[in-house]
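> Chains as they are written, first to last, in this note's numbering: chain B, 48 to 254; chain E, 48 to 254.
There are 2 protein chains.
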Amino acid sequence: MEDGRDSRAQQTRERIRAAARRLFLQQGYQATSMDAIRVAAGVASKETLYRHYPSKEKLFIDVMGHLTMERPGFSAMVAAFPEPRDMPALRRALTTLAHEILSLMRQPDYLPLLRILIAETARFPELGPLFFATVPQRGLAIIGGLLRAARDHNVIADAEYEVVARALLGGLLTYAVQGLLAAGDETFTPLDHVDALVEIMLRAVEL
Amino acid sequence: MEDGRDSRAQQTRERIRAAARRLFLQQGYQATSMDAIRVAAGVASKETLYRHYPSKEKLFIDVMGHLTMERPGFSAMVAAFPEPRDMPALRRALTTLAHEILSLMRQPDYLPLLRILIAETARFPELGPLFFATVPQRGLAIIGGLLRAARDHNVIADAEYEVVARALLGGLLTYAVQGLLAAGDETFTPLDHVDALVEIMLRAVEL
DNA sequence: TACATTACGTACCGTACCGTACGATACGGA
DNA sequence: TCCGTATCGTACGGTACGGTACGTAATGTA
Chain B
48 MEDGRDSRAQ QTRERIRAAA RRLFLQQGYQ ATSMDAIRVA AGVASKETLY RHYPSKEKLF
108 IDVMGHLTME RPGFSAMVAA FPEPRDMPAL RRALTTLAHE ILSLMRQPDY LPLLRILIAE
168 TARFPELGPL FFATVPQRGL AIIGGLLRAA RDHNVIADAE YEVVARALLG GLLTYAVQGL
228 LAAGDETFTP LDHVDALVEI MLRAVEL
Chain E
48 MEDGRDSRAQ QTRERIRAAA RRLFLQQGYQ ATSMDAIRVA AGVASKETLY RHYPSKEKLF
108 IDVMGHLTME RPGFSAMVAA FPEPRDMPAL RRALTTLAHE ILSLMRQPDY LPLLRILIAE
168 TARFPELGPL FFATVPQRGL AIIGGLLRAA RDHNVIADAE YEVVARALLG GLLTYAVQGL
228 LAAGDETFTP LDHVDALVEI MLRAVEL
């Protein structure tokens, strides 16, 4: 009876959500019509759509909320780098974290999602802050935590770690913004800059 | 005859452009109808609109292009801080520049403009790169130039100045992105963080 | 004054879209 | 086998929008 619910209604719902996600990410909210979603989902009747989602807005919120929440957290990374007790350990932790953030930003969904959330802040004001709190804010917190832990082990000097974290994340963010403003998949590859960025931040906090 | 052209046709054209600018910035491209622009411009007939602009797209491009170009350049600032010959001079230059960039980002049009350019990269692919080249890229170039000049006077150490510039600008950019993702005019005031940010960058490049 | 440009009003065309209605049909569980 | 639910097809209502048409009035110039 539990999986009985899956067998048709749930499957249809999943197809609708997958199609909506793809189209919304590709074309944005307004440019994606419910009928296009219906076709992409392989659903014959609009009535079926509206049986699963009461309106286009609710469907959009559901899809975008899921997309935001599905962003992989950095939690695993935090566990992997517990307490940097010397400079090389801190360097390794920050470098790995920076590369991880960059590869997160290069996931194919990332820029389109960010683009849509920025575009639709007026109509859906709750989505943008949710994303910010779920993704970049968490990144800032992890960088700050690493730095504070390093200071507690006398690895680095005191500093405004929140600002240091903003500088590090922001350095990467400049490339994302460049990507947001470019139309196609402009090759956005500062891979060699990442290590330099970490070195600069380390110099700023070294003893 | 020259100002005769101004007297009516040009005035009407200006009213249309001003109204379009306001509405586009407030509501975006799709949500702004030509009829709303007509009303806001105080123009009685749509025919008049289409006498001045052949289509909604052309009107949008004209308005956004002007908005991008009107962003005040930093050129005046460059002249004001010619060649930092010691650390205090470099500190003054970078601090002033950072505050200037921040106040640029806090102009009431800035975030809405950026939001729209990001939202409409698909329909208007040329506008985003134009903005990036006109505004942030120029900021990066000026920061980099200041750092290179300081190094030429033995004020600071060698470093990847392009990356340092990205970290500095990016640190400020994190606040802008936060603003982009927030709906209203969330008070986005890291004023006290700016000096800390400059100090961090200076520590990263000191001798 | 005579003429051309500009603006006015209003109506209209074609299209696209969200959401609803409703009878018919397939499907899945008891 | 039987019943409720999910889906199908198709049509429609209401609205909004971009852009055009066209006859008329105002405005500035020679």
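Backbone N, C-alpha and C fix where the C-beta goes; we use that ideal spot for every residue, glycine too.
Computed from a predicted model, the values in this text were never measured in an experiment.
Within 10 Å of its beta-carbon, does H99 (chain E) have 16 or more other beta-carbons around it, so buried, or fewer, so exposed?
Within the second sequence, numbered from 1, the residue matching residue 99 (chain E) stands at position 52. When all chains shown are included, H99 (chain E) counts as buried.
> Since Q77 (chain E) meets chain B, which of its residues come closer than 7 Å, beta carbon to beta carbon?
Position 30 of the second sequence, counting from 1, holds the residue named residue 77 (chain E). Near Q77 (chain E) (Cβ distances below 7 Å), the residues of chain B are Q77.
> What number of angstroms, rounded off, separates the C-alpha of L227 (chain E) from the C-alpha of A87 (chain B)?
Indexing the second sequence from 1 puts residue 227 (chain E) at position 180. Indexing the first sequence from 1 puts residue 87 (chain B) at position 40. Their Cα atoms are separated by approximately 31 Å.
> For a contact defined as C-beta to C-beta under 7 Å, what are the partners of Q225 (chain B) on chain E?
Position 178 of the first sequence, counting from 1, holds the residue named residue 225 (chain B). Ordered by position in chain E, the residues that pass the 7 Å Cβ test against Q225 (chain B) are F179.
> What span of residues does the alpha helix (DSSP H) with F128 (chain B) cover, start to end?
For the purposes of this step, residue 128 (chain B) is taken as residue 81 along the first sequence, with counting starting at 1. That residue, F128 (chain B), is in no alpha helix (DSSP H); it is neither H nor E in DSSP.
> Would you call the segment 203-218 of chain E and the segment 240-250 of chain B in contact, with 3 or more CB pairs under 8 Å?
Touching, yes, given that three or more Cβ pairs across the two stretches are closer than 8 Å.
> Give, in chain order, every unbroken run of the beta strand (DSSP E) that is at least 3 residues long and sits entirely within the segment 189-215 of chain B.
Entirely contained in the segment 189-215 of chain B, not one beta strand (DSSP E) run reaches 3 residues.
> Counting beta carbon pairs with one atom in the segment 55-71 of chain E and one in the segment 135-151 of chain B, are three or more of them shorter than 8 Å?
At 8 Å Cβ cutoff, the stretches do not touch.
> What first and last residue would you give for the alpha helix (DSSP H) that runs through L238 (chain E)?
Mapped onto the second sequence, residue 238 (chain E) falls at position 191. It spans 238-252 - the alpha helix (DSSP H) in which L238 (chain E) sits, taken as one unbroken run.
> Give the interface partners of H146 (chain E) over in chain B, defined as CB-CB distance under 8 Å, in chain order.
Here residue 146 (chain E) corresponds to residue number 99 of the second sequence, with the count starting at 1. Within chain B, no residue comes near H146 (chain E); the closest Cβ sits about 15 Å away, beyond 8 Å.
> Please report the straight-line C-alpha distance between V241 (chain B) and L161 (chain B), rounded to a whole angstrom.
Residue 241 (chain B) sits at position 194 when you count from the first residue of the first sequence. Residue 161 (chain B) sits at position 114 when you count from the first residue of the first sequence. V241 (chain B) and L161 (chain B): Cα-Cα distance of roughly 22 Å.
> With a cut-off of 8 Å, does the C-beta of D50 (chain E) fall near any C-beta of chain B?
Counting from 1 along the second sequence, the entry for residue 50 (chain E) is found at position 3. With a pLDDT of only 41 at D50 (chain E), under 50, the local geometry of the prediction cannot be trusted, and the value read off the model is given with reservation. Not one chain B Cβ lies under 8 Å of D50 (chain E).
> When the Cα atoms are used, what is the spatial distance from R52 (chain E) to Q58 (chain E)?
Position 5 of the second sequence holds residue 52 (chain E). Position 11 of the second sequence holds residue 58 (chain E). Here the model assigns R52 (chain E) a pLDDT of 45, short of 50, so the residue's position is not dependable, and the following value carries that caveat. Spanning the two alpha carbons is a distance of roughly 9 Å.
> If the cut is a Cβ gap below 9 Å, which residues of chain E does E207 (chain B) touch?
As a working note, residue 207 (chain B) is residue 160 in the first sequence. Going along chain E in sequence order, the residues near E207 (chain B) (Cβ under 9 Å) are H240, A243, L244, E246, I247.
> Taking the straight line between their C-alpha atoms, what separation do you get for V193 (chain E) and S102 (chain B)?
If you number the second sequence from 1, residue 193 (chain E) lands on position 146. If you number the first sequence from 1, residue 102 (chain B) lands on position 55. First, the residue type needs correcting, since residue 193 (chain E) is Leu and not Val in the sequence shown. Looking at the two C-alpha atoms, the distance is approximately 54 Å.
> Between G217 (chain B) and G218 (chain E), how many whole angstroms is the CB-CB distance? I'm expecting something under 8 Å.
To locate residue 217 (chain B), count along the first sequence from 1; it is residue 170. To locate residue 218 (chain E), count along the second sequence from 1; it is residue 171. Contact holds; Cβ gap of about 4 Å.
> Kindly list, in the order they appear in chain B, the residues whose Cβ is closer than 7 Å to that of L96 (chain E).
If you number the second sequence from 1, residue 96 (chain E) lands on position 49. The premise fails here: L96 (chain E) is roughly 22 Å from chain B at the closest Cβ pair, so nothing lies under 7 Å.
> Please return the same chain residues whose Cβ sits closer than 6 Å to the Cβ of I108 (chain E), not counting the five positions on each side in sequence.
Mapped onto the second sequence, residue 108 (chain E) falls at position 61. Answer for I108 (chain E): no residue qualifies.
> In angstroms, rounded to a whole number, what distance separates the CA positions of D258 (chain B) and L72 (chain B)?
There is no way to answer for residue 258 (chain B), as the model of chain B reaches only from 48 to 254.
> Take A197 (chain B) and list the residues in its own chain whose beta-carbon comes closer than 7 Å to its own, dropping the five residues that flank it on each side.
Taking the first residue of the first sequence as 1, we reach residue 197 (chain B) at position 150. Excluding sequence neighbours, A197 (chain B) sits near P131, L137, I203.
> List the endpoints of the continuous alpha helix (DSSP H) containing D82 (chain B).
Residue mapping note: residue 82 (chain B) aligns to position 35 of the first sequence, counting from 1. Per DSSP, D82 (chain B) belongs to the alpha helix (DSSP H) from 81-87.
> So, under 8 Å CB-CB, T168 (chain E) and A229 (chain B) are touching, yes? Tell me the CB distance rounded to an integer number of Å.
If you number the second sequence from 1, residue 168 (chain E) lands on position 121. If you number the first sequence from 1, residue 229 (chain B) lands on position 182. At roughly 7 Å, the Cβ-Cβ gap stays under 8 Å, so T168 (chain E) and A229 (chain B) are in contact.
> Given that a residue counts as buried once 16 or more other Cβ atoms are within 10 Å of its Cβ, and exposed if not, what is D50 (chain E)?
For the purposes of this step, residue 50 (chain E) is taken as the residue at position 3 of the second sequence. The pLDDT assigned to D50 (chain E) is 41, lower than 50, so where the model puts this residue is not dependable; a value taken from the coordinates is nonetheless given after this. Flag for D50 (chain E) reads exposed.
> Output yes or no for whether 8 Å exceeds the beta carbon distance between V210 (chain B) and L244 (chain E).
To locate residue 210 (chain B), count along the first sequence from 1; it is residue 163. To locate residue 244 (chain E), count along the second sequence from 1; it is residue 197. Against a cut-off of 8 Å, the Cβ pair of L244 (chain E) and V210 (chain B) comes out as a contact.
> By DSSP, does R170 (chain B) sit in helix, in strand, or in coil?
As a position in the first sequence, residue 170 (chain B) is number 123, starting the count at 1. Here R170 (chain B) sits in coil by DSSP.
> Taking only the alpha-carbon atoms, compute the straight-line gap between R85 (chain E) and L141 (chain E) and give it to the nearest angstrom.
In the second sequence, counting from the first residue as 1, residue 85 (chain E) sits at position 38. In the second sequence, counting from the first residue as 1, residue 141 (chain E) sits at position 94. About 45 Å.
> Does the Cβ-Cβ distance between T115 (chain B) and L177 (chain B) come in under 8 Å?
Translated into the one-based positions of the first sequence, residue 115 (chain B) becomes position 68. Translated into the one-based positions of the first sequence, residue 177 (chain B) becomes position 130. In contact: T115 (chain B) and L177 (chain B) (Cβ atoms closer than 8 Å).
> Please list, in chain order, all residues of the same chain as I256 (chain E) whose beta carbon is under 8 Å from its beta carbon, the five residues on each side excluded.
With chain E covering only 48 through 254, there is no way to say anything about residue 256 (chain E).
> Just to make sure I have the definition right: I need the residues of chain E whose C-beta is within less than 8 Å of the C-beta of A214 (chain B). Which are they?
The count along the first sequence starts at 1 and reaches residue 214 (chain B) at position 167. By Cβ distance, chain E contributes A214, L215, G217, G218, L244, I247, M248.
> If the cut-off is 7 Å on Cβ atoms, which residues from the segment 173-200 of chain B count as contacting chain E, listed in chain order?
Per Cβ criterion, the list reads G175, P176, F178, F179.
> Can a CB atom of chain B be found closer than 8 Å to the CB of A263 (chain E)?
What is shown of chain E runs 48 to 254, which leaves residue 263 (chain E) out entirely.
> What is the rounded straight-line gap between the Cα of T95 (chain E) and the Cα of R55 (chain E)?
Position 48 of the second sequence holds residue 95 (chain E). Position 8 of the second sequence holds residue 55 (chain E). In a straight line, the C-alpha of T95 (chain E) is about 12 Å away from that of R55 (chain E).
> Of the residues B:A145, B:T236, B:V224, B:A212, which one's Cα is nearest the Cα of G191 (chain B)?
The residue given as residue 191 (chain B) occupies position 144 in the first sequence. Per the Cα distances, B:A212.
> Taking 8 Å as the CB-CB cut-off, is T115 (chain E) touching chain B?
Here residue 115 (chain E) refers to the residue found at position 68 of the second sequence. Judged by the 8 Å Cβ criterion, T115 (chain E) is not in contact with chain B.
> So that I know if they touch, is there some Cβ in chain E lying closer than 8 Å to that of T168 (chain B)?
By one-based count along the first sequence, residue 168 (chain B) stands at place 121. Yes - at least one Cβ of chain E is within 8 Å of the one on T168 (chain B).
> Residues of chain B with CB under 8 Å from V211 (chain E), in chain order?
Here residue 211 (chain E) refers to the residue found at position 164 of the second sequence. I247, listed in chain order.
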